[in-house]
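With the first letter of the sequence shown counted as 1, position 160 gets the number 443 in full-length UniProt numbering; the numbers rise by one all the way through. A quick write-up on the structure given underneath.
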Amino acid sequence: INTLLNPIRTLINFTEQFQKGMTGFERFLDILDTEPDIVDKKDSIELKKVKGKITFKNVSFKYDDSRYVLENINLNVNPGETVALVGPSGGGKSTICSLIPRFYEVTQGQILLDDIDIRDIKLRSLRKNIGIVQQDVYLFAGTVMENIRYGKPDATEEEVIEAAKKANAHDFIMELENGYDTYVGERGVKLSGGQKQRISIARVFLKNPPVLILDEATSALDNESEKIVQESLEKLSQNRTTFVIAHRLSTIKNAKTILVLTDEGIAEKGNHQELLNNNGVYARLYNAQFSDVN
Ligand code: ATP
284 INTLLNPIRT LINFTEQFQK GMTGFERFLD ILDTEPDIVD KKDSIELKKV
334 KGKITFKNVS FKYDDSRYVL ENINLNVNPG ETVALVGPSG GGKSTICSLI
384 PRFYEVTQGQ ILLDDIDIRD IKLRSLRKNI GIVQQDVYLF AGTVMENIRY
434 GKPDATEEEV IEAAKKANAH DFIMELENGY DTYVGERGVK LSGGQKQRIS
484 IARVFLKNPP VLILDEATSA LDNESEKIVQ ESLEKLSQNR TTFVIAHRLS
534 TIKNAKTILV LTDEGIAEKG NHQELLNNNG VYARLYNAQF SDVN
C-alpha cells in the first residue's frame, strides 16, 4: 500500500511546496551565521579564475546517525548551466545547496569545483565564488550603500550603483529620502520584501561569483514586485552556474537539468521534455498542474 500511495503523496507534497515558503532553506541560512567547524587543510588551494563547473561524484549525505538524506548523487553541471531543484518538502533540495559552499561535509563521495575537490580549496576562497540569494533578506543597520557594498567591501560608489541598476534597485533607492545614504535595518526606513530582495541581489551582482544558489520562493511578494525580482534573478543567473530551488514553471522549463528530489533520492533527472517523456512524477505533476499555463 505504501508504494502505491507514495507517488500520490509525492504529488500532493510537491503541489504544497509550490505554495509555501522554504523552511529547509531558512534552516540552511541559519548556519551562515554560525562559526564553521570546518577548517582548511594544510596546503589548501586559493582559487584563481573560476569557470564554475560543478560535479557531484557518488555523493551521499546524512546529518547524523539516522538515515541518508542524499544517496549516491551524480551530477555534472557545466559552467553557466542551470539546475532546477524540485520535489516535496524534505526531499533534500536545501541540503544539496548547503553542501556546495561546505556548510556541511559530504558523508561519502566528492563535490568538485572546476575539477578540484572542494575540501582541497580554502573555505574563504570557495565561498568567494558562490553567491546566495534567499527569500528572507537580512539587512544590517547602516546605509543602503553599506548594505550593498557588503558583497564586495572594496567596491567603489560607482560599482555599487552599477550593481543596484542591474538588480532593478537603483530607481527605488533614488526615491528614498537620502538615496544611497538612507539608513535601513533596525530603526532605519522600512523597505518592502521585494526591495530588500533587490538589495541582496545587488550585493551578489557586486560580488560577481561564477556560482549561484537561489531560492526562488517569492510567495511573500505581490505580483508586481515578484515580476521585478524575477527579472533581476534571471539577469543574475545569466552566465553563472546556478542551482535554483525552483517554484516557477518558466524557470523549471528553461533549466538545463531538473532534479526531482523525493525522500527516496533523485526520482528523476533530465530537462523538461525528457521528464515529460519519462511519464513519471514530473510528468504527472505537470499535467495536473501546469498544462494550461505558459
Ligand atoms: P523544503 O522544501 O521543506 O525546504 P527540502 O527539499 O529543502 O525541503 P531539506 O531541508 O534538504 O529538504 O531536508 C531533507 C531532510 O533532511 C529532511 O528529512 C529534513 O528533516 C532533514 N534535515 C534538514 N536539515 C537538517 C539538520 N540540520 N539536521 C538534521 N536533519 C535535517
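Even glycine gets a Cβ: it sits at the ideal position worked out from N, Cα and C.
- Under DSSP, Q391 forms a beta bridge with S343.
- Residues of the same chain with a CB within less than 7 Å of the CB of N430, apart from the 5 flanking positions on each side, are L422, F423, V467 and I482 in chain order.
- Using a cutoff of 7 Å, the CB of Y346 counts as near the ligand ATP, since one of the ligand's heavy atoms is closer than that.
- Listed as beta-bridge partners of I337 by DSSP are V360 and L396.
- With a beta-carbon spacing of about 12 Å, A550 and L368 fall beyond the 8 Å limit used to define contacts.
- Taking 3 residues as the minimum length, the beta strand (DSSP E) runs contained wholly in the segment 446-532 are 494-498 and 524-528, in order along the chain.
- Around the beta carbon of E499, 16 or more other beta carbons lie within 10 angstroms, which makes this residue buried.
- Distances from the alpha-carbon of G548 to those of P362, G370, V366 and K331 put G370 closest.
- Linking Y387 to D546 through their CA atoms gives a straight-line distance of about 19 Å.
- Under DSSP, L422 takes part in no beta bridge, so it has no partner.
- Counting only residues of its own chain and dropping the five nearest sequence neighbours on each side, F455 has a CB closer than 8 Å to the CB of Q478 and R481.
- Beta bridge pairing from DSSP links E547 with no other residue.
- Beta bridge pairing from DSSP links A367 with V527 and I541.
- Taking G363 as reference, the option from Y433, L519, E469 and G563 with the minimal CA-CA separation is L519.
- A distance of 8 Å or more separates the beta carbons of K536 and F488.
- Distances between the C-beta of K376 and the heavy atoms of the ligand ATP include at least one below 7 Å.
- Less than 8 Å divides the Cβ of K340 from the Cβ of Q393.
- The Cβ-Cβ distance between L495 and G414 falls below 8 Å.
- Beta-bridge analysis with DSSP links K552 to L542.
- Around the C-beta of Y463, 16 or more other C-beta atoms lie within 10 Å, and the residue is accordingly described as buried.
- Taking C-beta atoms as the reference points, K336 and V366 fail to come closer than 8 Å.
- The bridge partners DSSP lists for G414 are L495.
- Of the heavy atoms belonging to the ligand ATP, at least one sits nearer than 7 Å to the Cβ of L544.
- In this structure, the ligand ATP has no non-hydrogen atom nearer than 7 Å to the beta-carbon of V416.
- In its chain, beyond the 5 residues on either side, F339 have a beta carbon closer than 6 Å to the beta carbon of L358.
- About 5 Å separates the CB atoms of V342 and V389; that is less than 8 Å, so the two are in contact.
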